[in-house]
Amino acid sequence: MDSRTFRLVILLSVAHALVHVFELSMPSVEREIATIYDDGKSEYTGWLSFWFRVPWGLGALFVGMLVDKFGARVMLTIYFVGCAACCFLISGQPSSDMLTCLMFVLGCFASIYHPAGLALLSLKTTPENRPHALGIHGVFG
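Numbering (our numbering), first residue to last: 1 to 141.
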């Protein structure tokens with residue numbers, strides 16, 4: 001694998017790790033969120049997680065078509081910028097309703113990674129180095 005391809009594999013692997021950080025960060029702060037926003041409704045954090053996971057899972061089906069139309073690089077740029085903006089807005093959100101909406105939007109942006117990242121990885125690696133590249137990518141995820 002040449003150095004340019006290896007750098008791309010590392011970048012995509014870090015992006016892959018990041019999408020799973022988005023996915024798994026909610027359970028790690030769930031009690032704190034319940035303390036701040038819950039107002040005695042114990043199901044709030046479950047719904048918050050639900051509204052992230054629905055677009056994250058189902059959105060990937062739709063995003064595959066967008067990757068085919070606009071290209072993986074464009075969609076990965078949208079993924080990075082969109083997730084960064086959502087995380088910035090979520091970090092200072094005082095409203096539980098707005099937090100729920102932002103988690104939904106974050107799920108939409110996070111759904112971009114797997115179709116776009118795997119498409120770019122498949123296109124930019126050769127059949128000889130693709131198994132190694134996918135192995136590195138998988139370890140990060």
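From the three backbone atoms N, C-alpha and C, an ideal C-beta is built for every residue, glycine too.
Does the beta-carbon of residue i have 16 or more other beta-carbons within 10 angstroms, so that it is buried, or is it exposed?
{"i": "residue 65", "result": "exposed"}
{"i": "residue 139", "result": "exposed"}
{"i": "residue 112", "result": "buried"}
{"i": "residue 61", "result": "exposed"}
{"i": "residue 20", "result": "exposed"}
{"i": "residue 55", "result": "buried"}
{"i": "residue 22", "result": "buried"}
Helix, strand or coil, according to DSSP, for residue i in the structure here?
{"i": "residue 43", "result": "coil"}
{"i": "residue 141", "result": "coil"}
{"i": "residue 1", "result": "coil"}
{"i": "residue 14", "result": "helix"}
{"i": "residue 29", "result": "coil"}
Please name the residue, chosen from the options, that lies closest to residue i on a Cα-to-Cα basis.
{"i": "residue 45", "options": "93, 29, 58", "result": "29"}
{"i": "residue 14", "options": "130, 127, 121, 129", "result": "121"}
| request: Could I get the ranges of all uninterrupted alpha helix (DSSP H) runs contained in the region 100–131, with 4 residues as the minimum, in chain order? | output: 113–124
| message | Which complete alpha helix (DSSP H) runs does the region 61–102 hold, if anything under 4 residues is left out? | response | Correct list: 72–91.
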